[in-house]
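Taking it in order: structure first as structure tokens, then the write-up.
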Amino acid sequence: MNDSVGPSLREAKKRENRKAFLEAGRRVFSEIGLGAATVRDIVRESGLAQGSFYNYFDSKEAVFEVIVDSVVEQIRARLRESREAAIDGPSFLIAGYQACMELTAFDPDTAALMRRNQNAFRAAFYQNQTASGLLADLVEELDGKVASGVFRPHDSAVMAETMISLGVDLIITCLDAPDEAPRRLDFLQDLFANALLADGALDGACC
Numbered sequence: 001m002n003d004s005v006g007p008s009l010r011e012a013k014k015r016e017n018r019k020a021f022l023e024a025g026r027r028v029f030s031e032i033g034l035g036a037a038t039v040r041d042i043v044r045e046s047g048l049a050q051g052s053f054y055n056y057f058d059s060k061e062a063v064f065e066v067i068v069d070s071v072v073e074q075i076r077a078r079l080r081e082s083r084e085a086a087i088d089g090p091s092f093l094i095a096g097y098q099a100c101m102e103l104t105a106f107d108p109d110t111a112a113l114m115r116r117n118q119n120a121f122r123a124a125f126y127q128n129q130t131a132s133g134l135l136a137d138l139v140e141e142l143d144g145k146v147a148s149g150v151f152r153p154h155d156s157a158v159m160a161e162t163m164i165s166l167g168v169d170l171i172i173t174c175l176d177a178p179d180e181a182p183r184r185l186d187f188l189q190d191l192f193a194n195a196l197l198a199d200g201a202l203d204g205a206c207c
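In structure tokens form, the structure reads like this:
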């Protein structure tokens, strides 16, 4: 019995330590940014031993990548939910952007992390595997809208990349200028509506 309990306790301790480093990294990156932060800063914030850091991560960048992955996964889930709830073409086009803006508005910790690390977050986002899944989700949804006659036929891969790229820019820009969000949201909705909505798709639209 001791043989089974021992490894279980060790694994639990490893998970606890890894989580402590991630939480410490998030606080450090939010306060002083990835560029200024050091591994020593993260270790000090975590309260763990200096040498133990490298049992879990190779560098501060590795910590940041894991944190970005968790943020992107959160965004991906919110985007999926918001677009599934959209009742027509126009609301579908704006739902994802609204969900992202709400995330930063109601999750100040994530907003602080992104605000302090705008360039690093943008770079990490485009290299993130979860972001690839986010792109695949949108391509599938766009293809579905074409099949149902809501959207005109188009290159869904290029369109999805464009929509996501503008979404990242929207989030980062509006972190420092939240009052700009409504105007930018309206612009993006009009932009994609003109490009995608099939004839008559605006008839009866809710917004």
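In the working numbering, the protein residues as written are 1 to 207. Heads up, the beta-carbon is just placed ideally off N, CA and C, and yes, glycines get one too.
Between Phe29 and Phe53, the CB-CB gap reaches or exceeds 9 Å. Straight through space, the alpha carbons of Leu188 and Glu16 are spaced by roughly 42 Å. Rounded to whole angstroms, the gap between the alpha carbons of Leu134 and Ala177 is 26 Å. Its Cα nearest to that of Leu175, the residue Arg115 stands out among Arg83, Arg115, Gly89, Tyr56.
Within the same chain, and ignoring the five residues on either side of Phe121 in sequence, the residues whose Cβ sits closer than 6 Å to its Cβ are Met114. Residue pairing by DSSP places Leu175 in no beta bridge whatsoever. Under the three-state reduction of DSSP, Phe151 is assigned to strand. DSSP places Ser46 in the uninterrupted alpha helix (DSSP H) bounded by 39-46. In the three-state reduction of the DSSP assignment, Leu34 falls in the coil class. DSSP places Phe125 in the uninterrupted alpha helix (DSSP H) bounded by 118-126. Taking a contact as a CB-CB distance under 8 Å, the pair Glu45 and Ala12 does not count as one, their CB atoms being some 22 Å apart. The beta carbon of Glu141 sits closer than 7 Å to those of Arg83, all from its chain and outside the five residues before and after it, given in chain order. Distance between Gly96 and Gly51, taken at the CA atoms: about 42 Å.
Arg78 and Ala99 have their C-alpha atoms some 6 Å from each other. Across the set Val66, Ala62, Leu9, Leu93, the C-alpha of Leu93 shows the shortest separation from the C-alpha of Leu166.
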